[in-house]
Amino acid sequence: MSENYEDSKLYRLRHSAAHVMAQAVLEKFPSGKVAIGPPVDDGFYYDFDLPRPLTPEDLEEIEARMREIIKANEPFIREEVSAEEARQIFDDQPYKIELIEGLEDGGIDEHGNPVDEKPVISIYKSDTFVDLCRGPHLERTGQINPKAVKLMNVAGAYWRGDEHNPMLQRIYGTAWLSPKELKQYLWRLEEAKKRDHRKLGKALDLFSVSDEVGSGLVLWHPNGAKVRFLAERFWEDEHLANGYEFVYTPHIGKADLWKTSGHLDFFAENMYAPIEIENQQYYLKPMNCPFHIEIFKSGIRSYRDLPMRFAEKGTVYRYERSGVMHGLLRVRGFTQDDAHHFCTPKQMPEEIDFVLSFSLHILRSFGFNEIKAYLSTRPEKAAGDPERWRDAEAALEASLKRAELPYELDEGGGAFYGPKIDLKIQDALGREWQLSTIQFDFNLPERFDFTYIDEDGHAYQPYMIHRALMGSIERFFGILIEHYGGAFPVWLSPVQAVIIPIADRHVAFAREVSKVLKDAGLRVSVDERSDRMNAKIRDAEQQKVPYMLVVGDREMENNQVDIRRRSGERLGAMLVDDFKALALKDVAEKVEG
RNA sequence: GCCAAUGUAGCUCAGCGGUAGAGCAGCCGAUUCGUAAUCGGCAGGUCGUCAGUUCGAAUCUGACCAUUGGCUCCA
């Protein structure tokens, strides 16, 4: 998204297309009420309150009518009106009246947020449609290319985005300068579907979610579990090499624990109902922090012990509303690669530096190089002393600067217990996903009242940092699948090479090759089926196996394998030992492709 | 949770009032082949679940469950 999207012709075009659509809808439903209809990233939408639900056939009709309106080449005419005049123009449009009142009351925009400048009320007329609108628009409907507009789908949307308000029908459309760009956009959507982790999860037999088990509860199949195992092993090695200590904690804890932590006050609606036994209530854990704190509290801690870094791949359960689950990216049971750092105030800047650069190192190791950072600061309602907030925010910001990481400020976007840095990554199609989070916590040290003994012999409260790098391993895996389109780098591939004997007489040799490679620690299999070589290649390609090793008479004679990459590239015949060296190098260097 | 759509064999889908079909995958057999699908045969389904309407329901109705696209929420 370019920064001046709002000044672009594309923006005006989409905004204008939204008006044309609204006109077509109102012609079809004269009693319909209109809400708002702005341009969005790849198109536009308009929200309506209509007498009945829209059908796909309605959309076709509306789209056809839009083309007629475009061909009529009606001008868009802007007028400025007083609030009183506006009220008269829109007297049968309650949502517009509400908007007018917002403008009149000293500036509230269409989303209900206050705006600074004194608003001018403007309307735009085009043909039979009049809309309360700040613009801007094209000069005429004819400037929209009728072949570059398409209505995409209908969705429910609450008026002003508030679930207490009535639900409207939102029609999403897309519009481009040329039919070619529309075609490209639709092609991009098709490509995105091919990379969808849910589709690839099935095709590559990576994971599933079973109705019998429950919604949002992931089953990792052998192939997916292999990738996870390899990712976790790397994660473990890196943590051990970087001053972390591993801990393990249970899945449930007593109600009092969650009362102390504040979860029952602030997080209860995301928690599963308690399990009662021997008159005690136990809750399934939605987070790991209280357990790690109890470990910290289990002994007297000296400043000499700090910083302490407790890490755990902790499986947590959170109740998510039924409509929000999404493949691996939003689930009810997931494993966080969690850690809690305890340090002195003096150590804090260095600790932040460390955890930020460690996060980046981990993400980059998985091929994520386009990383976007967000710094979220103190919200209105916040626990802890404002001075400590300022320190912590400054430390986070300084760290981002030292890491030379571009970041955006999310003013007031911190958690109630502390400011944070979130790292988001883009997949190949430009969608942004949050993985890592580095959060300060001023709340739990107070609530659990834990301390360390400083040089002067007195007890002080340590600073506490929560962090998750992959975030949730489920989500991380989902994004990893989409990032690579299922073609994992060699070091992560469940099967790294398939050996393809051309005829049965080559099977024995194929097995020998397999043994040599397996002994070297490579994951290989032999396709011994009596199918033709071409069929075996096709299957291996579809399973996105990095290397296909064809063995026939020639190879058998020379102790070679003929190598084909999943990209289709042919490397030709190579000694078995040379291939072994090549593959091991790929693994060691985490080569992609 | 809300709005809408969808749910038929392992997968992708057709059938839409007269008791279930294809391709791929699977199994069996034949084939032994040089860089993206060899041929033939066999087997496979309480048509999401539970009610209801009907002489008769995969097909119509309702409730529930799940999925998809949004909204809200979360991060």
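Numbering (numbering that gives the first Met the number 0), first residue to last: 0 to 592. Glycine is no exception: its CB is placed at the ideal position from the N, C-alpha and C atoms. The structure presented is a predicted model; accordingly, all values stated were derived computationally and were not measured.
- Per DSSP, Q22 is one residue of the alpha helix (DSSP H) stretching across 8–27.
- Segment contact: the segment 347–358 against the segment 462–475, three or more CB-CB distances shorter than 8 Å; contact assigned.
- K284 sits close to Y316, with the two beta carbons spaced by under 8 Å.
- Per DSSP, R401 has no beta bridge partner at all.
- Put simply, the backbone Cα of K579 is about 17 Å away from that of R569.
- Rounded to the nearest whole angstrom, the CA to CA distance from L137 to I472 is 47 Å.
- Closest in alpha carbon position to K32, among G42, L49, F290, is L49.
- Between the beta-carbon of V153 and that of R169 there is about 7 Å, and that keeps the pair under the 8 Å contact cut.
- For the 8 Å CB-CB criterion, K198 and K192 form a contact.
- The criterion of a C-beta distance shorter than 8 Å is not satisfied by S260 and I143.
- I370 and E431 have their alpha carbons spaced roughly 9 Å apart.
- Around the beta carbon of G242, fewer than 16 other beta carbons lie within 10 angstroms, which makes this residue exposed.
- Short of 6 Å from the beta carbon of I361, and not among the five residues preceding or following it, lie these beta carbons of its own chain, in chain order: L468.
- If you draw a 10 Å sphere on the C-beta of Y123, you find 16 or more other C-beta atoms in it, and that means buried.
- Of W490, Y406, E59, A519, the smallest CA-CA separation from L355 is found for Y406.
- Around the beta carbon of M270, 16 or more other beta carbons sit within 10 angstroms, so the residue counts as buried.
- With respect to the 8 Å criterion, R329 and E244 are not classified as neighbours on the basis of their beta carbons.
- Rounded to whole angstroms, the gap between the alpha carbons of V494 and Y546 is 9 Å.
- Looking at the backbone, the Cα of Y459 and that of P444 are separated by about 10 Å.
- Rounded to whole angstroms, the gap between the alpha carbons of K514 and V497 is 12 Å.
- Within the model, the alpha-carbon separation for D577 versus W490 is close to 18 Å.
- Boundaries of the alpha helix (DSSP H) harbouring T259: 254–260, taken from the DSSP string.
- In the DSSP secondary-structure assignment, P500 is bridged to V550.
- Of all C-beta pairs linking the segment 171–190 to the segment 205–219, fewer than three are shorter than 8 Å, placing the two stretches out of contact.
- Excluding sequence positions up to five before and after D336, its CB lies within less than 7 Å of the CB of W234, K312, A467, L468, M469, I472, all in the same chain and listed in chain order.
- Taking the C-beta atoms as reference points, H18 is found no nearer than 8 Å to S121.
- Here DSSP, grouped into helix, strand and coil, assigns D453 to coil.
- Within the same chain, and ignoring the five residues on either side of I68 in sequence, the residues whose Cβ sits closer than 7 Å to its Cβ are V19, Q22, A23, D126, T140.
- In the three-state reduction of the DSSP assignment, C132 falls in the coil class.
- Going by C-alpha positions, D6 is about 34 Å away from R401.
- In the DSSP assignment, I464 falls outside any alpha helix (DSSP H) and lies within the beta strand (DSSP E) extending over 462–471.
- Distance from F415 to P378 at the Cβ level is roughly 6 Å; contact confirmed, criterion being Cβ atoms closer than 8 Å.
- Taking 8 Å as the cut-off, the beta carbon of F228 is found no closer than this to the beta carbon of L218.
- Of the candidates K380, L374, G411, L374 places its Cα closest to the Cα of A393.
- Residues Q438, F439, D440, F441 of the same chain have their beta carbon placed closer than 6 Å to that of G417, with the five preceding and five following residues left out of the count.
- For the pair of segments examined, the segment 55–70 was found not to touch the segment 32–41: the number of CB pairs separated by less than 8 Å stays below three.
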